[in-house]
Amino acid sequence: MVPTVPGNPPDIVRCAYLELVVTDLAAAREFYVDILGLVVTEETSECIHLRALEEFIHHNLVLRRGSRPAVAAFGFRLRAPGELDRAEAYYRALGCDVRRESAGFRTGVGELVRVLDPLGFPYEFFYDVAHVPRLAWNYEMHGAGALVRLDHFNQVCPDVSAGGQYLENLGFKRTEDIRDEAGVTYAAWFARKDTVHDTALTAGAGPRMHHIAFNTHERHNILYICDKLGALRRSDAIERGPGRHGVSNAFYLYLRDPDGHRIEIYTQDYYTGDPDNPVVTWDVRDNQRRDWWGHAVVPSWYTDASPVLDLDGKPVPMSESAEPREMDVAVGADGFSYTRHGDTTTGFKAGNQL
Numbered sequence: 087m088v089p090t091v092p093g094n095p096p097d098i099v100r101c102a103y104l105e106l107v108v109t110d111l112a113a114a115r116e117f118y119v120d121i122l123g124l125v126v127t128e129e130t131s132e133c134i135h136l137r138a139l140e141e142f143i144h145h146n147l148v149l150r151r152g153s154r155p156a157v158a159a160f161g162f163r164l165r166a167p168g169e170l171d172r173a174e175a176y177y178r179a180l181g182c183d184v185r186r187e188s189a190g191f192r193t194g195v196g197e198l199v200r201v202l203d204p205l206g207f208p209y210e211f212f213y214d215v216a217h218v219p220r221l222a223w224n225y226e227m228h229g230a231g232a233l234v235r236l237d238h239f240n241q242v243c244p245d246v247s248a249g250g251q252y253l254e255n256l257g258f259k260r261t262e263d264i265r266d267e268a269g270v271t272y273a274a275w276f277a278r279k280d281t282v283h284d285t286a287l288t289a290g291a292g293p294r295m296h297h298i299a300f301n302t303h304e305r306h307n308i309l310y311i312c313d314k315l316g317a318l319r320r321s322d323a324i325e326r327g328p329g330r331h332g333v334s335n336a337f338y339l340y341l342r343d344p345d346g347h348r349i350e351i352y353t354q355d356y357y358t359g360d361p362d363n364p365v366v367t368w369d370v371r372d373n374q375r376r377d378w379w380g381h382a383v384v385p386s387w388y389t390d391a392s393p394v395l396d397l398d399g400k401p402v403p404m405s406e407s408a409e410p411r412e413m414d415v416a417v418g419a420d421g422f423s424y425t426r427h428g429d430t431t432t433g434f435k436a437g438n439q440l
């Protein structure tokens, strides 16, 4: 249950970085740098800071050597330095574990407010950050599968309804969700920037991190990544796709890194910046919600996720979902899902309708 809203939340601009704990730093470097093409900003024998090609802040992804795979931090950029005070006050009023860290606590990042939020996720808020060259015009560095921006996180949460209320209180805008006729919410998408989401909540045992997503420019970039993985005999890294989502309308590919962390390659969602942007609601039994072509979702996509760490680096205990999970209701062509709904002559209008 989310505590009472304490007051004005901090003004969040966007999701900005994720810190992953990996057990084999060399293998992780090969995957994210040599294969996927993320750019090394800074590295040591224990840690690598990476960014996408269009980024000007120090990093979007941190790979840190550790004894077991986990997620150590979800980083969010704030709109102004004074928002750090608001973030600290907001989470202290919620009764969360809050740490105010001086500049340099994280490489390339200024002063931080670190919290273990009400859902059990390690969030970090910052404004000051080291700038690095934006490589948008360095086309000699852009391979056919170029990753250009960090797009979003996806978090596994036992109670999506309560979790969604917390994110909306924090200032996130709901853009899409998946529900059933009884009103149970199985997943929901939330934005600060003017896209479909900066983060999403998926029902399941948690807190855990489902995936981090990076943008490419076009669908053909994703197809090239698949071809490259095949050519390198690394096609076993492909967990799901390529395909097109119903939710978000984006073209997607899901990969697993050497430690099992999930990364999505993502492109072509839509603008959500108008103040009256309508929420799109999908029926949990619509088999085009997760894949527009109606392909079944592989079970691991629903069951597997990365554990998260608290502010002392210890695993956060997980809780099981108290409500039905999406995989328990409809997984592909299971006899309970549908493609057409109502008038079979015109088919089903996907979205804004149950």
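For the sequence shown, the working numbering gives the first residue as 87, with consecutive numbering after it. Every residue gets a Cβ at the ideal spot worked out from N, C-alpha and C, and that includes glycine. Note that the coordinates shown come from a computational prediction; the quantities given were computed from them, not determined experimentally.
Our contact map puts residue i next to residue j with C-beta atoms below 8 Å; I'd like the distance itself, whole angstroms only.
{"i": "R305", "j": "W378", "result": "No, R305 and W378 are not in contact; Cβ-Cβ is about 12 Å, not under 8 Å."}
{"i": "P95", "j": "L164", "result": "P95 to L164, Cβ: 11 Å. No contact."}
{"i": "I134", "j": "R320", "result": "Not a contact, Cβ separation roughly 19 Å."}
{"i": "L397", "j": "R185", "result": "6 Å"}
{"i": "E412", "j": "A273", "result": "6 Å"}
{"i": "P328", "j": "Y252", "result": "So it is not a contact: roughly 33 Å between Cβ atoms."}
Check residue i in the structure and name its three-state DSSP category.
{"i": "R305", "result": "helix"}
{"i": "D429", "result": "Note that D429 scores a pLDDT of 43, beneath 50, so its modelled location is shaky and nothing firm can be said."}
{"i": "M295", "result": "strand"}
{"i": "D322", "result": "helix"}
{"i": "K259", "result": "strand"}
{"i": "Y424", "result": "strand"}
{"i": "F207", "result": "coil"}
{"i": "G161", "result": "strand"}
{"i": "V417", "result": "Reliability fails at V417, whose pLDDT of 46 lies under 50, so the model's placement of it is uncertain and no value is given."}
{"i": "V119", "result": "helix"}
{"i": "A173", "result": "helix"}
{"i": "T389", "result": "helix"}
{"i": "C182", "result": "coil"}
{"i": "E105", "result": "strand"}
{"i": "G250", "result": "helix"}
{"i": "D343", "result": "coil"}
{"i": "Y357", "result": "coil"}
{"i": "D237", "result": "strand"}
{"i": "E409", "result": "coil"}
{"i": "A216", "result": "coil"}
{"i": "L287", "result": "strand"}
{"i": "I98", "result": "strand"}
{"i": "G316", "result": "helix"}
{"i": "F434", "result": "Residue confidence for F434 is low, a pLDDT of 34 falling below 50, so the modelled location carries little weight; the figure read from the coordinates is stated next. Reduced to three states, the DSSP call for F434 is coil."}
Taking Cβ positions, are residue i and residue j nearer each other than 8 Å?
{"i": "D245", "j": "Y352", "result": "no"}
{"i": "E105", "j": "A159", "result": "yes"}
{"i": "G206", "j": "V394", "result": "yes"}
{"i": "L139", "j": "V234", "result": "yes"}
{"i": "D344", "j": "D110", "result": "Per the sequence presented here, residue 344 reads as Pro, with Asp not at that position. For P344 and D110, yes; Cβs fall inside 8 Å."}
{"i": "G257", "j": "T302", "result": "no"}
{"i": "S392", "j": "E325", "result": "no"}
{"i": "A299", "j": "E350", "result": "yes"}
{"i": "A289", "j": "E406", "result": "no"}
{"i": "F191", "j": "L202", "result": "no"}
{"i": "S423", "j": "R371", "result": "yes"}
{"i": "E187", "j": "R172", "result": "no"}
{"i": "R220", "j": "T367", "result": "no"}
{"i": "G346", "j": "P155", "result": "yes"}
{"i": "D119", "j": "V126", "result": "Before going further, note that residue 119 is Val rather than Asp in the sequence given. In contact: V119 and V126 (Cβ atoms closer than 8 Å)."}
{"i": "E132", "j": "R115", "result": "no"}
{"i": "F212", "j": "G229", "result": "no"}
What does residue i pair with, by DSSP beta-bridge criteria?
{"i": "A138", "result": "Partner(s): none; A138 has no beta bridge."}
{"i": "A441", "result": "Within the shown structure, residues of the chain are numbered from 87 to 440, placing residue 441 beyond reach of any answer."}
{"i": "E129", "result": "I134"}
{"i": "P401", "result": "L395"}
{"i": "R265", "result": "T271, D369"}
{"i": "V199", "result": "R186, F211"}
{"i": "Y352", "result": "N301, Y338"}
{"i": "I311", "result": "Beta-bridge pairing links I311 to no other residue."}
{"i": "A113", "result": "According to DSSP, A113 bridges with nothing at all."}
{"i": "V148", "result": "E105, H135"}
{"i": "V242", "result": "T288, R294"}
{"i": "M380", "result": "The question names Met, yet the displayed sequence has Gly at residue 380. Answer by DSSP bridge pairing: none, since G380 is not bridged."}
{"i": "R192", "result": "R192 pairs with nothing; no bridge assigned."}
{"i": "R375", "result": "For R375, which the question treats as bridged, DSSP gives no partner whatsoever."}
Quick one: any contact between the stretch 275 to 291 and the stretch 100 to 113, if contact means 3 or more CB pairs under 8 Å?
-> yes
Between the stretch 235 to 247 and the stretch 286 to 299, do at least 3 Cβ pairs fall closer than 8 Å?
-> yes
Decide if the stretch 208 to 222 is in contact with the stretch 141 to 155; the criterion is three or more beta carbon pairs, one per stretch, under 8 Å apart.
-> Put simply, the stretch 208 to 222 touches the stretch 141 to 155. At least three CB pairs are less than 8 Å apart.
The stretch 369 to 378 / the stretch 325 to 345 touching (three or more Cβ pairs under 8 Å) | yes
Sufficient close CB pairs (3 or more, under 8 Å) joining the stretch 337 to 357 to the stretch 306 to 322 = yes
Is there contact here, the stretch 280 to 289 with the stretch 249 to 261, by at least three beta-carbon pairs under 8 Å?
-> yes
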